[in-house]
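Engineer: Numbering (the numbering used here), first residue to last: 29 to 413.
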Amino acid sequence: MTGDWIFDLFLDRTEDGYRATVRSSPAGAATIAFEPPFQRREQYAVVQRLLADPGEDEAQRSAQFVLAREVGGKLFDAIFVGPILELWQESWRLAYTSRATLRVQVSFGDAPFLRTLPWEYLYDETREEFLALSVHTPLIRRQTAAHAMRPLVVEPPLRVLVVMAGPEGYPPLAVGRDWRALLDAVDYLAAEGRMVFERLPRPTLLDLQRRLRQRNYHILHFIGFAVHDPQTQSGVVVFEDEMGRGRAVSGEHLGKLLSDHFSLRLAMIEVRNAARAGGIDPGADVSEQVVRRGVPAAIYRPSKLRVRPSLAFFHEFYRMLAAFHPVDVAMAEARRAIQLEESGAGWGLSHLVSRVPDGRLFERYVPPAPVPKPRLYMRSVLTKR
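#1: Taking the straight line between their C-alpha atoms, what separation do you get for Tyr-393 and Phe-62?
#2: Drop a sphere of 10 angstroms on the beta-carbon of Met-359, count the other beta-carbons inside from all chains shown, and report buried for 16 or more, exposed for fewer.
#3: Can you tell me whether Phe-66 is buried or exposed? The criterion is at least 16 other CB atoms within 10 Å of its CB, across all chains shown.
#4: Apart from the five residues just before and just after Leu-240, which ones in its own chain have a Cβ nearer than 6 angstroms to its Cβ?
#5: Compare the C-alpha of Leu-210 against each of Ser-338, Val-109, Glu-156, Glu-370 and name the closest.
#6: Which residues in the same chain have their Cβ closer than 8 angstroms to the Cβ of Lys-401, if we skip the five residues on either side of it in sequence?
#7: When the Cα atoms are used, what is the spatial distance from Arg-169 to Leu-294?
#8: Where do the ends of the alpha helix (DSSP H) carrying Phe-104 lie?
#9: Just the C-alpha distance for Ile-327 and Pro-396, rounded to the nearest angstrom, thanks.
#10: As a quick exercise: from Pro-111, Pro-231, Arg-403, Leu-39, pick the residue whose alpha carbon is nearest that of Phe-267.
#11: Return helix, strand or coil for Met-29, following the three-state DSSP convention.
#12: CA-CA distance, Ile-60 and Ser-371?
#13: For Val-318, which of helix, strand or coil comes out of DSSP?
#14: Between Arg-97 and the rest of its own chain, which residues show a CB-CB distance below 7 angstroms, the 5 nearest in sequence each way excluded?
#15: Does DSSP put His-246 in a helix, in a strand, or in coil?
#16: Are the region 195–206 and the region 247–254 in contact at 8 angstroms, needing three or more beta carbon pairs?
#17: Skipping 5 residues on each side, what residues in its chain have a beta carbon closer than 6 angstroms to that of Leu-283?
#18: Val-190: buried (16+ other C-beta within 10 angstroms of its C-beta) or exposed?
#19: Should Val-255 and Gly-279 be called a contact, given that it needs their Cβ atoms to be closer than 8 angstroms?
#20: In three-state terms, what does DSSP make of Thr-165?
#21: Kindly give me the distance between the Cβ atoms of Phe-38 and Thr-49, rounded to whole angstroms, as I take these residues to be in contact under 8 angstroms.
Shown next as C-alpha cells:
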C-alpha cells in the first residue's frame, strides 16, 4: 500500500501558555503544553548565525551544520514529547511500512513569535534525521484553505515569469548576470518542452499586471529586496516605479494581484537582503501574506547563499516541478541539493508556505484516447438459382 499521510501540527499561544496540538495523523490526535526552547533575543542571534554566508570555509560550514542540528534538536524536543512523541513514532512506523509519504505540516495560531522560529531544522535525534531533508517527511508551513484546492490541469510547458527588481537606492543587482545564471541552470527544461522562463522587461507592478492579463503563467519568480514597513509592522517587497525608484508592495497587495489569475499557483520570493526587524523576516512575512490572500503556495528564499548552492536549488526544484511532483517533495529534493553542494545549513533557510495539503499544484494534461472509427462489416449476399 502506498499513499500520502499528513502529520498536522498546530502551534498556538493561549492564556495558559503555549500549546501544541496534533490535529490529525495516522496514529491519532493529542495536545500538550510546551515552552519554546529559545527566547526572542536568543532566537535572533541563532538565526543570524545560520544566515551568515560561510563562503569556502569548510570549518564554518561544519559549525553551521552542527548548530542547525542543535537548534533542530531543541525544537523537536520541545514539541515531540509525551503523547505527541508517541504519535510521531507510530505515524512514522506506519508510513514507513506502508511506503507512504508522511507530510509534516506546521501551522500557527495567534503566536507571531512561533512563526519566527526555524522549524525547517526540526531534527529527530532518534533517527539522526532532519525532517525537511527527507522526501519521506517533507515539511511545510501550512495555511488552511476555505475550500479544497485541486491541482491545475496543465499541458506542458509550465510557464515561469521572472521579475528582477533592482531599484535606485538599493545595493546593485547584477540583473544580466543573474538572469543568465538562472537560465543556465534550467534551460534544459525549455529544450525538452517542459518549462519555459520569461523575464519581465520592466519590473513595475503595472507591467506585471499587464503581462499576467496577456498570458497564463503558472509560477512567479521574484528576485529583489524585501524590507520592514514600520507603519504596518509587516514585510514588503520592493518593485520599481516608472522612474526606476523603489516602490514598496505589501504581501497582501501582491497576493491579491496574483490570486486573481487562476493559473498562477506558486510565488517564489527570492530576497537578496535577509535583514530582520524585531525578529520579523520581511521576505518570510511577504510569502505568508501572499498565500493568505489566495495564492496556493509560496516559497521564501533568502539569497545569502553562494551561487552554486542557489543554482543547485533551482535546478532540482524546477526539475521536480516540471515533472509534476508535489511542491513539498520538490522542495525536499531542492534542500538536499543545497546540502550536497555546501554541507552547511543553508538548505533550511527557505520556507515553503502552502494551502494545498497534498502538495499537488499541477496535474499533467492527458489527451483523451481517440475514439475508434466504426468498422463496416460486409455481409456476403448469396443469390439463389
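Using N, Cα and C, we set each Cβ at its ideal position, and we do this for glycine too.
Structural biologist: Quick answer:
#1: 46 angstroms
#2: buried
#3: buried
#4: His-289
#5: Ser-338
#6: none
#7: 14 angstroms
#8: 86–107
#9: 34 angstroms
#10: Pro-231
#11: Residue placement at Met-29 is poorly supported in this model, since its pLDDT is 38, which falls under 50; the coordinates are not used for a value here.
#12: 35 angstroms
#13: helix
#14: Tyr-151
#15: coil
#16: yes
#17: Correcting the residue identity first, residue 283 is Gly in this sequence and not Leu. Excluding residues within five positions, the ones whose Cβ falls inside 6 angstroms are Gln-317, Val-318, Arg-321, Val-323.
#18: buried
#19: no
#20: coil
#21: 5 angstroms
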